[in-house]
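Residue numbers (this note's numbering): 681 to 1004. Structure first, then comments.
Below you can see the structure in the form of structure tokens.
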């Protein structure tokens, strides 16, 4: 059975948009059900030899962490990277945290620390979650944020609200091309991504995934979440031309046969940025965790080779990028 779903309480910003397609209970990227990455596929990958094994072993790249909690009390508009896909953003006095993950991912160790204590992250207005994968939605991290920010609200994809209902945390869910109800000073839109979702063995694509656009007046930020390459980047660029800051994932892309339908490679990320028509490219989703076959520093080296062709701004963890 095929159906389309939206949140009827939220505004739709794309003419003729019926909502996200659901086939037999699963959200999809297109007109057919998405192929699942099975546990056997992961096992096959883990048991196979990495052709870059030696190169990876010799790669000593590590992210630089600037110890800094000042940004939490500042009045300045800014973007601060907290590692992986987690950003602190302030626009027009309204503060956001994206995809909060502050700790190890089970057996996968966090390789770069935080610039401040989690308890320093106060006066947060909105917590943005792009999807339910564990490296983007860590329940412990979310609980700590709500403990220290009792007036915060989570902005979610469709069907991701069960955890928030259970814990009595305020939230909104949106389909693609929907606008959340937020503080009048800012606008937040849920936009497409080409990805998938699963946390357990039986919940494949039961919840949606996507990206965000945050806008205040003529200033805009695009947060890509997790995504592979697709036509959605051009479509987003048509709806929001000249995006000022594009927070783009560049890591976890090898082996290609397994990762290509989930993540962008560095060159694909640059092409996606070009499709968006963005102004400033800010890399993320690399070197905080070791999630794939490529050496930790490889995505950085690839992006830096293309620096002269794009406006690229690498951030240290904890560094303040002021949005003047």
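Heads up, the beta-carbon is just placed ideally off N, CA and C, and yes, glycines get one too.
For the candidate residues the options, whose alpha-carbon lies nearest to that of residue i?
i	options	result
residue 777	791, 742, 991, 826	826
residue 989	996, 999, 958	958
residue 781	820, 756, 914	820
residue 911	786, 748, 875	875
residue 682	688, 698, 699, 704	704
residue 766	773, 798, 724	798
residue 774	753, 887, 967, 734	753
residue 796	787, 711, 783	783
residue 1027	735, 732, 764	Residue numbering for the chain in the displayed model covers 681 to 1004; residue 1027 lies beyond these limits and cannot be assessed.
residue 946	685, 700, 917, 986	986
residue 830	688, 895, 890, 850	850
residue 919	882, 927, 894	894
residue 709	685, 944, 898, 873	873
residue 700	834, 855, 792, 877	855
residue 706	889, 735, 720	889
residue 716	904, 878, 984	878
residue 692	909, 860, 916	860
In terms of residue numbering, what span does the beta strand (DSSP E) encompassing residue i cover?
i	result
residue 900	899-903
residue 933	First-last for residue 933: undefined, no H or E at that position.
residue 644	Summary: the structure shown does not reach residue 644, with the chain confined to residues 681 through 1004, and so no result is reported for it.
residue 702	700-703
residue 912	Careful: residue 912 lies outside any beta strand (DSSP E), inside the alpha helix (DSSP H) at 912-919.
residue 988	Element bounds for residue 988: n/a, residue is neither H nor E.
residue 796	Premise fails: residue 796 is in no beta strand (DSSP E) and is neither H nor E.
Assuming residue i and residue j are in contact, meaning their beta carbons sit under 8 Å apart, how far apart are those beta carbons, in whole angstroms?
i	j	result
residue 965	residue 931	5 Å
residue 802	residue 828	5 Å
residue 962	residue 927	5 Å
Assuming residue i is part of the alpha helix (DSSP H), what are its boundary residues?
i	result
residue 725	719-727
residue 866	Unbroken run through residue 866: none, as it is neither H nor E.
residue 828	819-828
residue 982	978-985
residue 960	Residue 960 -> not in any alpha helix (DSSP H); beta strand (DSSP E) instead, spanning 960-964.
residue 949	946-956
residue 734	733-738
residue 845	842-846
Hey, residue i and residue j: beta-carbon distance below 8 Å or not?
i	j	result
residue 925	residue 759	yes
residue 949	residue 921	no
residue 902	residue 956	yes
residue 871	residue 844	no
residue 800	residue 832	no
residue 853	residue 842	no
residue 794	residue 762	yes
residue 942	residue 970	no
residue 757	residue 923	no
residue 951	residue 690	no
residue 885	residue 714	yes
residue 934	residue 973	yes
residue 812	residue 887	yes
residue 770	residue 968	no
residue 755	residue 817	no
residue 991	residue 960	yes
residue 684	residue 695	no
residue 896	residue 730	no
Quiz item: Taking three-plus beta-carbon pairs below 8 Å as touching, is the segment 964-977 in contact with the segment 736-743?
Solution: yes
Quiz item: Does the segment 741-753 come close enough to the segment 864-878 that 3 or more CB-CB pairs lie under 8 Å?
Solution: no
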